[in-house]
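Read in our numbering, the sequence shown has 169 at position 19, and its numbers run on one by one without any break.
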Amino acid sequence: MQKLSNPDCAIINIDKLSGYCLNSEHPDGRHKAKVFMSALNLGKDDAEILKSALLKAIKENEA
């Protein structure tokens, strides 16, 4: 596999992370939030941490 060709162009919506992926009260996102909390101890207030980790992974790892 190869790395993404333009990782600096990646867009990660912080509102989607905090309002959906990390929100234990969201009707659809609550299951994802439970996994993020149990596996990484990340909650709704940790969206910036998750965003930084995702951007780093996009730049450093293969697609």
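Where is the CB? At the ideal position from N, CA and C, for every residue including glycine.
Using a Cβ-Cβ cut-off of 7 Å (strictly less than) and excluding sequence neighbours within five positions of residue i, which residues of its own chain qualify?
{"i": "LEU154", "result": "ILE208, ALA213"}
On the CB-based measure, 16 or more other CB atoms within 10 Å of its CB, does residue i come out buried or exposed?
{"i": "SER168", "result": "buried"}
{"i": "LEU192", "result": "buried"}
Helix or strand or just coil, what does DSSP make of residue i?
{"i": "GLU212", "result": "strand"}
{"i": "HIS221", "result": "This structure gives no information on residue 221, because the portion of the chain shown stretches from 151 to 213."}
{"i": "ALA160", "result": "coil"}
If you drop the 5 nearest sequence neighbours on each side, which residues of the same chain put their C-beta closer than 6 Å to that of residue i?
{"i": "TYR170", "result": "HIS176, GLY179"}
{"i": "ALA183", "result": "LEU172, ASN173, SER174"}
{"i": "LYS194", "result": "SER168, LEU172, ASN173"}
Can you tell me where the alpha helix (DSSP H) holding residue i begins and where it ends?
{"i": "MET151", "result": "MET151 -> no alpha helix (DSSP H), and no H or E assigned at all."}
Going along the chain, which residues of its own chain have a beta-carbon closer than 8 Å to the beta-carbon of residue i, five neighbours each way excluded?
{"i": "ILE164", "result": "ALA197, GLU198, LYS201"}
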